[in-house]
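Student: Quick one: the structure is below, questions incoming.
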Amino acid sequence: MLLLVMAALASAVLDVLAGPSAMSASELFGVLRAPDASDPVATLIVWEIRLPQAVMALAVGYALGLAGAEMQTILNNPLASPFTLGVSSAAALGAALAMVFGLGLPFASTQWLTVGNAFVGALLCAGLLDLAARWSAARTVNVILFGIALVFSLNALVSLIQFIASAEALQGLVFWTLGSLERASWLAVALVAGACLLITPWSLRSAWSLTALRMGEEHAAALGVDVARVRQGALLRISLLAAVAVAFTGVIGFVGLVAPHIARRWFGEDHRAYLPGSALVGATLLGLATWVSKTLVPGMVVPIGIVTSLVGVPFFLAVVFRRSSGS
Amino acid sequence: MLAVHDLCVDYGRHTVVRNFSARPLQPGTLTALIGPNGSGKSTLLRGLAGLLRPRCGQVRLHDVDLLAIGPARRARLAGYLPQILPAAVRLRVFEAVLVAGAVAEGSRAPAMSAQLGRVEQLLMHLGIEHLAPRYLDELSGGQRQMVAVAQALMRDPVLLLLDEPFAALDLNYQAHLLHLLRRETRERLLVTVVVMHDLAWVLREADHVWLMHEGALFAEGTPAEVITAAHLAAVYGVEAHVDAGQQGWPQVIVRGLSRPLT
Chain A
20 MLLLVMAALA SAVLDVLAGP SAMSASELFG VLRAPDASDP VATLIVWEIR LPQAVMALAV
80 GYALGLAGAE MQTILNNPLA SPFTLGVSSA AALGAALAMV FGLGLPFAST QWLTVGNAFV
140 GALLCAGLLD LAARWSAART VNVILFGIAL VFSLNALVSL IQFIASAEAL QGLVFWTLGS
200 LERASWLAVA LVAGACLLIT PWSLRSAWSL TALRMGEEHA AALGVDVARV RQGALLRISL
260 LAAVAVAFTG VIGFVGLVAP HIARRWFGED HRAYLPGSAL VGATLLGLAT WVSKTLVPGM
320 VVPIGIVTSL VGVPFFLAVV FRRSSGS
Chain B
2 MLAVHDLCVD YGRHTVVRNF SARPLQPGTL TALIGPNGSG KSTLLRGLAG LLRPRCGQVR
62 LHDVDLLAIG PARRARLAGY LPQILPAAVR LRVFEAVLVA GAVAEGSRAP AMSAQLGRVE
122 QLLMHLGIEH LAPRYLDELS GGQRQMVAVA QALMRDPVLL LLDEPFAALD LNYQAHLLHL
182 LRRETRERLL VTVVVMHDLA WVLREADHVW LMHEGALFAE GTPAEVITAA HLAAVYGVEA
242 HVDAGQQGWP QVIVRGLSRP LT
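If you read the protein sequences in the order shown, they are chains A and B.
Heads up, the first sequence stops at 346 in this note's numbering, and the numbers go up one at a time, no gaps.
Heads up, the second sequence stops at 263 in this note's numbering, and the numbers go up one at a time, no gaps.
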């Protein structure tokens, strides 16, 4: 676990070191130690662009890893993640409405319109998933099918908006749906990290119940776990985590799917270790993906969502094929 | 002592258990719950365990009204083993048993070292201590069933309810588990109710038998009183002969059908 924390931090250091404006390590540490004495442009790049982005990558990866782990447990499905069940797509739809039509919450300023809309979209989607879970008497297969249906319909709506959007709005929207850390301000970082800090102890309080749930719903209920309540609590946490993550960075797929699988292999499924493990794996993965996105094409930052998906697809396939051959 | 009176339990929209009443079961006795498929055995057990909310009736365990207390307290009093084996998940056996205790105790959980000690003792008592560090997804069905029994006993229940615990087990595990259930029932003075299908086992090992038919109690008593040719014909629709058997091992021989499948 400690190793993972170090790995996550190392990936962040790599992030800060890499960037389109070539900067040597010594120059960088000079800026970090004495911001006032250094070149103001370098100071600006490091303190206002690279550092917040690197920290944001960790925080968002952490949030997605934790959300994915909880989601796979409560839905008892190794393919569940905020991305595959529509939470991210709903956020994208909210953002699209804001960017193209300027629709959104009445009291939000234009700057926060996109973020607020994405957040509300993700929350609404998680609420729908929760309703679906209640209607189908917590039959997880139904919830998953419902989530997949949501993904398709939400993506169709986003495409429709893209189709009728102006060229300028379209560019912003496409960029948003690819996922990027470019809009990471210190305020945004504080919000995402704050959400992680608040939700982690809340998650860990349910760790025993979630572990019991892995034994099967019947067994968990027989052990005295209020399955419906545990599931609702987890869904609320998932939606909060996914919503803040997606709102500031757009759609970043596969971290929430992959991190739990890696954590399961390393820590087993005792949720006291599995939940923080998955969160830290998520942070490390996104940190590394950020670094790759900066170094893949020299002098250019590839949108992070593209990188995570490219890495994620082979992994996804590997999991699917291993399951089918195992059963 | 478990006293069930006039119990009705719905499953979905159907009333499956209708006005089930029985004489009180004494501590330290093993009761076999038998009856044809769909006669309401599982639903009755789930009603007693509190997984389904009974629509009417009373269930008293010693001086506690089981239907009036919350799920957490009921889960401590009544250990229930569902028909399904625990899923093959990436959890070590000792973790799986530990979680059973931790969930039941909630925030009042005693120190982890004490809990771990209890898990170790329990696994040793059940003869599966060698499985402790193994993952559930590496175990056989029989081994996972033993872990499930350990989970149920981890909370020191007063009432032990098992739904067809022998279904997935081979003969060796069946005999082992049955022996274990009898021993634990006597030692801990449990009220144990087990759904069983093998009438030969029931005749030999059960202290008491509940025979269910269409959601109600058809007959109860000692195995010899309940498992008779007349009862089997009426409830199962088979023409059977109950034999005193050689060396005092009674057995049931089915000769044919007394009525077609309904």
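Yeah, the Cβ is synthetic: ideal placement off N, Cα and C, and Gly gets one too.
Please confirm whether Val208 (chain A) and Val74 (chain A) have their CB atoms less than 8 Å apart.
Tutor: It is a contact, given that the beta carbons lie within the stated cut-off.
Student: What does Pro83 (chain B) reach in chain A if we use C-beta pairs closer than 8 Å?
Tutor: What Pro83 (chain B) touches in chain A: Gly235, Glu237, His238, Ala241.
Student: Thinking C-beta only, is Gln91 (chain A) closer than 8 Å to Ala82 (chain A)?
Tutor: No, the pair does not count as a contact, with Cβ atoms beyond the cut-off.
Student: Is Ala231 (chain B) close to chain A, meaning its C-beta is less than 8 Å from at least one C-beta of that chain?
Tutor: By this cut-off, Ala231 (chain B) is not an interface position.
Student: Assuming the contact rule is C-beta atoms closer than 8 Å, Pro71 (chain A) and Ser204 (chain A) should be a hit. Round their C-beta distance to whole Å, please.
Tutor: Confirmed, about 6 Å.
Student: Give the DSSP bridge partners of Arg61 (chain B), in chain order.
Tutor: Note: Arg61 (chain B) sits in a beta bridge opposite B:Ala4, B:Asp66.
Student: Look up Ile254 (chain B) in the DSSP assignment and say whether it is helix, strand or coil.
Tutor: Looking at Ile254 (chain B) - three-state DSSP - the assignment turns out to be strand.
Student: Could you compute how far the alpha carbon of Thr268 (chain A) sits from the alpha carbon of Ala103 (chain B)?
Tutor: Thr268 (chain A) and Ala103 (chain B): Cα-Cα distance of roughly 38 Å.
Student: Can you check which of these residues, A:Val50, A:Trp221, A:Leu143, A:Ala114, is closest to Ala184 (chain A) by C-alpha distance?
Tutor: Nearest C-alpha to Ala184 (chain A): A:Ala114.
Student: Ordered along the chain, which non-local residues of its own chain (more than five positions away) have a Cβ less than 7 Å from that of Leu127 (chain B)?
Tutor: Same-chain partners within the cutoff: Met147, Val150, Ala151, Leu181.
Student: Cβ atoms of Gly287 (chain A) and Arg91 (chain B): under 8 Å apart, would you say?
Tutor: Result yes, Cβ atoms of Arg91 (chain B) and Gly287 (chain A) sit closer than 8 Å.
Student: At a CB-CB cut-off below 8 Å, which residues of chain B make contact with Gly287 (chain A)?
Tutor: Residues of chain B passing the Cβ test: Arg91, Leu92, Arg93, Glu96, Tyr136.
Student: What is the DSSP secondary structure of His209 (chain B), counted as helix, strand or coil?
Tutor: Correct three-state label for His209 (chain B): strand.
Student: Kindly say whether Ser354 (chain A), judged by its beta-carbon, lies nearer than 8 Å to any beta-carbon of chain B.
Tutor: Lying outside 20 to 346, the shown extent of chain A, residue 354 (chain A) is not represented and no answer is given.
Student: If you reduce the DSSP assignment to three classes, tell me which class Asp34 (chain A) lands in.
Tutor: Helix, per DSSP.
Student: Around the Cβ of Ile129 (chain B), are there at least 16 other Cβ atoms within 10 angstroms (buried) or fewer (exposed)?
Tutor: The residue in question, Ile129 (chain B), is buried, as its Cβ has 16 or more Cβ neighbours within 10 Å.
Student: Which partner residues of Cys9 (chain B) appear in the DSSP bridge assignment?
Tutor: DSSP, once it has assigned bridges, lists B:Cys57 as partnering Cys9 (chain B).
Student: May I ask you to verify whether the segment 44 to 56 of chain B touches the segment 67 to 77 of chain B, counting CB pairs closer than 8 Å and requiring at least 3?
Tutor: At 8 Å Cβ cutoff, the stretches touch.
Student: Can you tell me where the beta strand (DSSP E) holding Ala217 (chain B) begins and where it ends?
Tutor: Taken as a continuous stretch (DSSP letters only), the beta strand (DSSP E) holding Ala217 (chain B) covers 217 to 222.
Student: Reducing DSSP to helix, strand and coil, say where Ser193 (chain B) ends up.
Tutor: Here residue 193 (chain B) is Thr; the residue named in the question, Ser, does not match the sequence. Three-state result, Thr193 (chain B): strand.
Student: Using the rule of at least 16 other Cβ atoms within 10 Å of the residue's Cβ for burial, across every protein chain shown, is Ser328 (chain A) buried or exposed?
Tutor: It is buried - the Cβ of Ser328 (chain A) has at least 16 other Cβ atoms within 10 Å.
Student: Could you please tell me which residues of the segment 67 to 99 of chain A, in chain order, have their CB closer than 9 Å to any CB of chain B?
Tutor: Flagged, chain order: Asn95.
Student: Report the partner residues of Asp244 (chain B) according to the DSSP bridge assignment.
Tutor: Per DSSP, B:Gln252.
Student: Give the residues of chain A in contact with Arg77 (chain B), contact being defined as C-beta atoms less than 8 Å apart.
Tutor: Gly243, listed in chain order.
Student: Taking Cβ positions, are Gly166 (chain A) and Leu242 (chain A) nearer each other than 8 Å?
Tutor: Against a cut-off of 8 Å, the Cβ pair of Leu242 (chain A) and Gly166 (chain A) comes out as no contact.
Student: Is the distance from the Cβ of Arg183 (chain B) to the Cβ of Glu206 (chain B) below 8 Å?
Tutor: Cβ distance < 8 Å, so Arg183 (chain B) and Glu206 (chain B) count as in contact.
Student: Taking 8 Å as the CB-CB limit, is Arg283 (chain A) close to chain B?
Tutor: Answer yes: the Cβ-Cβ gap between Arg283 (chain A) and chain B drops below 8 Å somewhere.
Student: CA-CA distance, Glu240 (chain B) and Asp208 (chain B)?
Tutor: Straight-line Cα distance between these residues: approximately 25 Å.
Student: DSSP puts His15 (chain B) in a beta bridge; with which residues?
Tutor: Bridge partners of His15 (chain B): B:Tyr12.
Student: What residues of chain B sit near Trp227 (chain A), judged by a beta carbon separation below 7 Å?
Tutor: The answer, in chain order, is Val100, Ala103, Val104.
Student: Under DSSP, the alpha helix (DSSP H) around Leu197 (chain A) begins and ends at which residues?
Tutor: 186 to 197 is the span of the alpha helix (DSSP H), which, as asked, contains Leu197 (chain A).
Student: Which word fits Trp310 (chain A), buried or exposed, when buried means at least 16 other C-beta atoms lie within 10 angstroms of its C-beta?
Tutor: The residue in question, Trp310 (chain A), is buried, as its Cβ has 16 or more Cβ neighbours within 10 Å.
Student: Excluding sequence positions up to five away, which residues of its chain have a Cβ less than 8 Å from the Cβ of Leu351 (chain A)?
Tutor: As displayed, chain A neither begins before 20 nor continues past 346, which places residue 351 (chain A) out of reach and without an answer.
Student: For Phe167 (chain B), list the residues DSSP reports as bridge partners.
Tutor: Paired residues: none, contrary to the question.
Student: Report buried or exposed for Leu172 (chain B), applying the criterion of at least 16 other Cβ atoms within 10 angstroms of its Cβ.
Tutor: With fewer than 16 other Cβ atoms within 10 Å, it is exposed.
Student: As a quick exercise: from B:Leu123, B:Leu34, B:Ala23, B:Gly58, pick the residue whose alpha carbon is nearest that of Leu8 (chain B).
Tutor: Checking every option, the nearest Cα to that of Leu8 (chain B) belongs to B:Gly58.
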